[in-house]
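Novice: Here my numbering runs 67 ahead of the position in the sequence shown, where the first position is 1. Yeah, the Cβ is synthetic: ideal placement off N, Cα and C, and Gly gets one too. Below is a structure I'd like to ask you about.
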Amino acid sequence: MKKVITYGTYDLLHEGHLNLLRRAKELGDYLIVGVTSDSFDQERGKLNVHNNVLERIQAIKDTGFADEVIIEEHIGQKIDDIQFHQIDVFAIGSDWEGKFDYLKEYCEVVYLPRTEGISSTMLRAGKDRVFKLGIIGSGRIANRFVPEARYVSRVEVVSIYNPDSSEAFEFKQRFGLNESHSDLSEFYKNIDAVYIASPHLTHYEYIKSSLLNGKHVLCEIPLCLKGEEAKEVYELAKSRNLVLLEACKTAFCPAFLHLVRIIKSGIIGDVVDVQASLSKLVDRSMREFNGSEAGGSITELSPLPLMVILKLLGRKIKNVTYYSLFENDVDIFTKGIFTFSGAVASITIGLGVKTEGNLVVSGTKGYLYVPSPWWKTEYFEIRYEDQNNNRKFYYHFAEEGLRYEIQEFISMIAGQRTSTYKMKAEESITIADIIECFRKGENLTRL
Ligand code: C2G
C-alpha cells in the first residue's frame with residue numbers, strides 16, 4: 068500500500084485545498100492529512116486563522132479525501148510522522164517549492180501546483196471588515212510598527228500625523244501610506260483607530276482628542292504620566308464604547324502569557340520575590356535624556372517591569388522605595404523596591420547604567436528564570452532544589468514582537484471588547500500612578 072502525507076492549516080476550506088487533497092490522494096492508496104494546531108499556527112506567525120483546529124479537522128474529514136487525520140504541533144514533526152507512519156510520498160503545494168527537500172532523505176517529495184486565484188487570506192479579507200489605522204508620531208517606534216502591522220490581518224495603516232508636515236510626508240512616502248497630515252482634524256477623517264507613538268508628554272492630550280473624535284486608541288508606553296489622567300482617559304473610552312489599550316508589548320507575547328499562567332498554576336509555589344531588570348544605554352543627545360521631555364529611566368523603562376510585577380503580585384502595593392542616580396534632572400539609573408503582603412519586588416532600570424536584563428521570580432517551591440532580554444520572552448526555565456526536576460520552555464518571538472499587541476487591539480475592536488486580561492485598564496492606571504509618585508520625588512533617595 069502506497070501511503071501519502073500532506074499538511075496544512077486548511078482555514079476556511081476552499082477549492083485550492085480540495086484540489087490539493089484530491090491530487091495528493093491520487094498519488095497513492097492511503098492519505099494522511101496533518102492539520103496544524105492553533106498554537107503551532109500562532110508560533111509560525113499565522114495569527115488570524117478563523118476556524119479552530121476542531122473545525123478545521125472536521126472540514127478535512129468532510130471532504131472524504133483523508134483516510135486519517137493527525138495534528139501537527141511543532142516544527143520537525145514531519146520527519147517523525149513520515150517514519151512512524153511509513154510514508155512513501157510527502158505532497159505539498161508549490162508555494163512551498165524547495166522548502167521541504169530535506170524530507171527527501173525519508174520519502175519521495177512532490178510539490179503539486181497551487182490553485183491560482185484562491186486563498187484563505189483572500190477569503191478572510193472578503194469576510195472581515197478591515198480597520199483603517201493612523202499613526203500619531205513618526206519616530207523610532209512608529210518605524211518599527213508599520214512593518215509589524217502588515218503581519219496582522221484586518222488592519223491597514225493608512226495615515227500618519229506629525230505637526231511637522233515634511234516629517235509626516237517623508238514617513239508616508241517611506242511606507243507607501245495613503246495620507247500624511249499636520250492637521251489633526253484632517254487626520255481623523257478617514258481612520259477607525261489611532262496608534263499613538265509621540266513623545267510621552269503628549270500622550271494624554273492625543274488620547275483624549277482621538278477618543279473624542281470617536282477613534283479606538285493603542286498608545287505607547289507610558290500611557291500617561293499621572294494616575295488621574297490615565298483614569299480619566301479610560302473612563303472616557305468606556306463611556307464612548309471605544310478601545311483604549313496601552314502598548315505594553317511583552318504583555319501580549321505568547322511566551323509571556325504562558326509564563327504568567329504557569330506561575331499562577333503554582334508550579335513554583337507562592338511567589339515571594341520578583342526581580343526585573345532592564346537597561347538601554349542611549350546617547351545623551353536623545354529624547355530619553357531630556358528632562359523637559361519627561362526623559363529618564365522610570366518614564367522610559369519602568370512600564371514593562373512594573374506590568375510584570377502587577378500581574379504576578381497584584382496592585383496592593385504596601386510600600387515603595389527608590390534609589391536613583393540623577394544626571395541633571397534625569398534619573399539615569401533607578402532601583403525601585405515594592406513590598407506586598409508576603410512578597411517583595413524590585414526593578415533595576417537604567418539609561419546610563421548597563422545591567423543584566425533578566426527576570427527572576429522566586430517562589431516557595433522553586434524559581435523561574437528568564438534570561439535577557441526577558442521583555443522579548445523566547446525562553447525560560449523553572450528551577451528547583453533538585454535539578455532533575457528543572458524544566459526549560461522555548462518559544463518564538465517574532466522580530467519586533469509588536470504584531471501581538473496590534474493583533475489584540477484589532478481583535479478587541481472587531482469583537483467589540485473594550486477590555487482585555489492581557490493588559491487591564493487598572494494595571495495601566497497603577498503604572499501611571501507609580502510614575503507620577505516617582506516624578507514627585509516621593510520615597511526617593513538620590514545616590
Ligand atoms: N493550497 C493550494 N492552493 C491554494 C491554497 C493552498 O494548493 N490556492 C495548498 C497549500 O500549498 C498547502 C495546502 O493547500 O499544500 C494547505 O494550505 P494552507 O492551509 O495555507 O497551509 P500551509 O500554511 O501551506 O501549511 O505544516 C504546515 C504546512 O507546512 C503548510
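1) Put Gly294 into one of helix, strand or coil per three-state DSSP.
2) Restricting to Cα atoms, I'd like to know which of Asp396, Ile416, Arg458 is closest to Lys507.
3) Would you check whether the ligand C2G has a heavy atom nearer than 7 Å to the C-beta of Ser186?
4) Keeping to the same chain, check which residues put their C-beta closer than 8 Å to that of Gly424; ignore five residues upstream and five downstream.
5) Quick one: complete beta strand (DSSP E) runs, 3+ long, within the segment 92-162?
6) Do Val225 and Glu246 come within 8 Å of each other at the CB atom, strictly closer than that value?
7) Examine the Cβ distances between the segment 184-192 and the segment 446-453 and report whether three or more of them are shorter than 8 Å.
8) For the alpha helix (DSSP H) holding Val375, just list the boundary residues, first then last.
9) What residues are listed by DSSP as bridge partners for Thr73?
10) Would you check if there are 3 or more beta carbon pairs closer than 8 Å linking the segment 350-357 to the segment 289-297?
11) If we call anything under 8 Å between Cβ atoms a contact, is Leu98 one with Ala133?
12) Is Ile137 closer than 8 Å to Ser147 when the C-beta atoms are compared?
13) In the DSSP assignment, find the unbroken beta strand (DSSP E) run with Lys199 in it and report its ends.
14) Counting pairs of Cβ atoms below 8 Å between the segment 496-507 and the segment 232-245, do you hit three or more?
15) If Val219 sits next to Arg470, beta carbons under 8 Å apart, how far is it from one beta carbon to the other, in whole angstroms?
16) Going by the CB atoms, is the gap between Asp337 and Leu411 shorter than 8 Å?
17) Which class does His248 belong to by DSSP, given the choice of helix, strand or coil?
18) Can you tell me whether Trp441 sits near the ligand C2G, meaning its C-beta is under 7 Å from at least one heavy atom of the ligand?
19) Identify the residues that DSSP records as bridge partners of Thr401: which are they?
20) For the alpha helix (DSSP H) containing Phe476, name the first residue and the last one.
21) Any heavy atom of the ligand C2G closer than 7 Å to the Cβ of Asn357?
22) I need the straight-line Cα distance from Glu355 to Ser364, nearest angstrom please.
23) Since Val213 and Ala158 are thought to touch, with beta carbons under 8 Å apart, how far apart are those beta carbons, to the nearest angstrom?
24) Please state whether DSSP places His283 in a helix, a strand or coil.
25) Within 10 angstroms of the Cβ of Leu514, are there 16 or more other Cβ atoms? Answer buried if so, exposed if not.
26) Between the Cα of Lys378 and those of Asn86, Gln109, Ser495, spot the shortest distance and give me the residue it belongs to.
27) Apart from the five residues on each side of it in sequence, which residues of its chain come closer than 7 Å, Cβ to Cβ, to Ile124?
28) Kindly indicate which three-state DSSP category Ser265 falls into: helix, strand or coil?
29) Please report the straight-line C-alpha distance between Glu172 and Gly143, rounded to a whole angstrom.
30) Lys256: which of Thr388, Leu324, Gly281, Ala235 sits nearest, CA to CA?
31) The beta strand (DSSP E) that contains Gln342, what's its start and end?
32) Cβ-heavy atom distance between Glu139 and the ligand C2G below 7 Å?
Specialist: Inspection of the coordinates gives the following:
1) DSSP places Gly294 within a helical segment (H, G or I) once states are collapsed to three.
2) Minimum Cα distance to Lys507 is reached at Asp396.
3) With a cutoff of 7 Å, Ser186 counts as near the ligand C2G, since its C-beta is closer than that to a heavy atom of the ligand.
4) Same-chain partners within the cutoff: Ser344, Leu345, Ser346, Ser439, Pro440, Trp441, Trp442.
5) Within the segment 92-162, complete beta strand (DSSP E) segments of at least 3 residues are found at 97-103, 135-139, 156-160, given in chain order.
6) Remark: C-beta atoms of Glu246 and Val225 approach each other more closely than 8 Å.
7) The segment 184-192 makes no contact with the segment 446-453: fewer than 3 CB pairs, one atom from each, lie closer than 8 Å.
8) Counting along the chain, the alpha helix (DSSP H) containing Val375 begins and ends at 370-380.
9) Beta-bridge partners of Thr73 (DSSP): Val100, Ala158.
10) Contact between the segment 350-357 and the segment 289-297 is absent: fewer than 3 CB-CB pairs across the two stretches fall below 8 Å.
11) Yes.
12) The identity of residue 147 in the sequence shown is Asp, whereas the question assumes Ser. Result no, Cβ atoms of Asp147 and Ile137 do not sit closer than 8 Å.
13) Counting along the chain, the beta strand (DSSP E) containing Lys199 begins and ends at 198-203.
14) The segment 496-507 makes no contact with the segment 232-245; the number of CB pairs closer than 8 Å stays below 3.
15) Contact annotation, Val219 with Arg470: C-beta distance approximately 5 Å; criterion of less than 8 Å satisfied.
16) The residue you asked about is not Leu; residue 411 is Val in the sequence shown. No. Outside cutoff.
17) Strand, per DSSP.
18) For the ligand C2G, no non-hydrogen atom lies closer than 7 Å to the CB of Trp441.
19) DSSP output for Thr401 lists Ser391, Ile416 as bridge partner(s).
20) Looking at the DSSP string, the run of the alpha helix (DSSP H) that includes Phe476 is 469-481.
21) Between the ligand C2G and the CB of Asn357, the shortest heavy atom gap is not smaller than 7 Å.
22) Rounded to the nearest angstrom, the two C-alpha atoms are 8 Å apart.
23) 37 Å between Cβ atoms; not a contact.
24) Three-state DSSP puts His283 in a strand.
25) The Cβ neighbour count for Leu514, taken over all protein chains shown within 10 Å, is under 16; the residue is labelled exposed.
26) That would be Ser495, whose Cα lies nearest to the Cα of Lys378.
27) Same-chain partners within the cutoff: Val102, Val136.
28) For Ser265, the secondary structure class from DSSP, reduced to helix, strand or coil, is coil.
29) Looking at the backbone, the Cα of Glu172 and that of Gly143 are separated by about 14 Å.
30) It is Gly281.
31) Looking at the DSSP string, the run of the beta strand (DSSP E) that includes Gln342 is 338-346.
32) Yes; taking the cut-off as 7 Å, the Cβ of Glu139 has a heavy atom of the ligand C2G nearer than that.
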